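Q: Residue numbers (my numbering): 38 to 159.
Encoded structure:
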């Protein structure tokens with residue numbers, strides 16, 4: 038009886054931790070820049086991964102390179118994908134609203150930053 042209770046407690050705690058990791062996020066915010074690319078990547082799990090030029094330069098061994106930010110867009114966010122694609126074609130600056138997850142899973146994407154809205158910057 039004692040072993041069953043301990044086992045049930047471990048399962049409940051494990052499920053609570055999993056639910057926390059799946060449904061919560063560490064931070065929420067936005068970044069402004071010019072989206073450079075959006076691509077569907079992955080061998081087994083296809084996810085939408087993007088890169089945005091934030092402006093400014095970072096020095097490296099090869100010289101100065103643009104400061105970029107990598108992000109993920111969920112499959113269900115068709116309107117977000119369309120807005121990013123439109124901004125890439127026009128070369129427009131946009132504000133990408135994102136949520137940073139504690140952890141990510143391979144079927145979610147490569148980054149911890151998930152874009153959920155796009156707003157053009159005038």
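Every residue gets a Cβ at the ideal spot worked out from N, C-alpha and C, and that includes glycine. Everything numeric in this text was worked out from a predicted model, so none of it was measured.
Which residues share a DSSP beta bridge with residue 66?
A: DSSP output for residue 66 lists 135 as bridge partner(s).
Q: With 16 as the cutoff for other CB atoms within 10 Å, does residue 47 come out buried or exposed?
A: Classification of residue 47: exposed, given that the 10 Å Cβ count is below 16.
Q: Measuring only the C-alpha atoms, how far is residue 141 from residue 148?
A: Rounded to the nearest angstrom, the two C-alpha atoms are 7 angstroms apart.
Q: Could you check the C-alpha separation between residue 55 and residue 99 for me, to the nearest Å?
A: Roughly 42 angstroms separates the two Cα atoms.
Q: Any chance the segment 86-102 sits against the segment 67-74, with 3 or more Cβ pairs inside 8 angstroms?
A: Because the criterion of three Cβ pairs below 8 angstroms is met, the segment 86-102 and the segment 67-74 touch.
Q: With which residues is residue 90 paired in a DSSP beta bridge?
A: Beta-bridge pairing links residue 90 to 71 and 105.
Q: In three-state DSSP terms, what is residue 41?
A: Looking at residue 41 - three-state DSSP - the assignment turns out to be helix.
Q: Hey, how far is the Cα of residue 126 from the Cα of residue 119?
A: Residue 126 and residue 119: Cα-Cα distance of roughly 11 angstroms.
Q: Which whole-angstrom value describes the C-beta separation of residue 130 and residue 158, a residue pair presumed to lie in contact below a C-beta threshold of 8 angstroms?
A: That belief holds up - the Cβ atoms of residue 130 and residue 158 are roughly 4 angstroms apart, short of 8 angstroms.
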